[in-house]
Amino acid sequence: MKQPIVIVALDVPSLEQAVEMVDALGPNVKHVKVGMELYYASGPAIIETLLRRDLRIFLDLKLHDIPNTVARTVTVLRGLGVDMLNVHCAGGRKMMEAAAEAAGNTLQVIGVTQLTSTDQAALNEEIGIPGTVEAAAVRYARLAKAAGLSGVVCSPLETAVIKENLGSQFLAVTPGIRPQQADDDQKRVTTPRQAADAGSDFLVIGRPITAAPNPRQALEDILKELEGGQ
Ligand code: C5P
Numbered sequence: 259m260k261q262p263i264v265i266v267a268l269d270v271p272s273l274e275q276a277v278e279m280v281d282a283l284g285p286n287v288k289h290v291k292v293g294m295e296l297y298y299a300s301g302p303a304i305i306e307t308l309l310r311r312d313l314r315i316f317l318d319l320k321l322h323d324i325p326n327t328v329a330r331t332v333t334v335l336r337g338l339g340v341d342m343l344n345v346h347c348a349g350g351r352k353m354m355e356a357a358a359e360a361a362g363n364t365l366q367v368i369g370v371t372q373l374t375s376t377d378q379a380a381l382n383e384e385i386g387i388p389g390t391v392e393a394a395a396v397r398y399a400r401l402a403k404a405a406g407l408s409g410v411v412c413s414p415l416e417t418a419v420i421k422e423n424l425g426s427q428f429l430a431v432t433p434g435i436r437p438q439q440a441d442d443d444q445k446r447v448t449t450p451r452q453a454a455d456a457g458s459d460f461l462v463i464g465r466p467i468t469a470a471p472n473p474r475q476a477l478e479d480i481l482k483e484l485e486g487g488q
């Protein structure tokens, strides 16, 4: 079984706090996620800073605009040297094609299908898409693949159905990872091992590592669990 890559979510509001966190994580951190909060607070400087520390970066800005604007934005972000970024599948096929084309061969573009905060009632009554969240996610994933995207963000509980429908090469990037029972806002969760067994390629993990009393140890424990295959 292939071992997934752990991406630590740097969900902090400043460059200084992000650097502090990276230092606290020690040498085992190789991949990090920069989201809207950190990027809007610190701009491209955070990317330059993390690249100087030899980190690989998933830039989670969830782009969603007309194809031309998204393509131009992807071109700018590609120039910063990030490895992975994402767009909302709801932007449609042309927008995703424009993103994939602007990304070229080195930058992976991942589609956001349905946000995990969207339940079926909101999907049907507010967003206006009929059917289940899973069916909507699979439909969006098909569209993402047809448009040339590398994969989708999904719950680890959806990885199996995504791989079944889209093939094993189509990447599953999964947040919602909890090593133990945690009582927070993530509801549809699995352990790192379960996510790996389901076929997730990248595990995006934030608070179980960054809010732990010892983040370095928390990361090490997760990597050990994944390596051990237990
Ligand atoms: O702290 P936690 O492990 O819940 O962090 C998960 C990260 O993944 C957060 O940065 C969150 O914004 C992001 N994310 C998510 N669910 C999605 C998409 C992104 O939790 N569907």
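Numbering-wise (our numbering), the sequence shown opens with residue 259 and increments by one. C-beta atoms are modelled at their ideal positions from N, C-alpha and C, and glycine is treated no differently.
Would you list the one or two residues that DSSP bridges to residue i?
i           : result
residue 430 : 410
residue 367 : 343
residue 448 : 435
residue 317 : 292 and 343
Beta carbon of residue i, beta carbon of residue j: below 8 Å?
i           : j           : result
residue 477 : residue 277 : no
residue 339 : residue 318 : no
residue 372 : residue 357 : no
residue 391 : residue 376 : yes
residue 262 : residue 408 : no
Whole angstroms is fine: what's the gap from residue i's alpha carbon to residue j's?
i           : j           : result
residue 422 : residue 415 : 13 Å
residue 481 : residue 309 : 22 Å
residue 430 : residue 417 : 6 Å
residue 374 : residue 321 : 17 Å
Between which two residues does the beta strand (DSSP E) carrying residue i extend?
i           : result
residue 266 : 263–267
So residue i is in the alpha helix (DSSP H); what residue range does that whole segment cover?
i           : result
residue 293 : Not the alpha helix (DSSP H): residue 293 falls in the beta strand (DSSP E), residues 289–293.
residue 424 : 417–424
residue 462 : Run containing residue 462: none in the alpha helix (DSSP H); it sits in the beta strand (DSSP E), 460–463.
residue 277 : 273–283
residue 475 : 473–486
residue 357 : 351–361
Is residue i helix, strand or coil by DSSP?
i           : result
residue 312 : coil
residue 489 : The structure shown does not extend to residue 489, since the chain is modelled only from 259 through 488, so no value can be given for it.
residue 375 : coil
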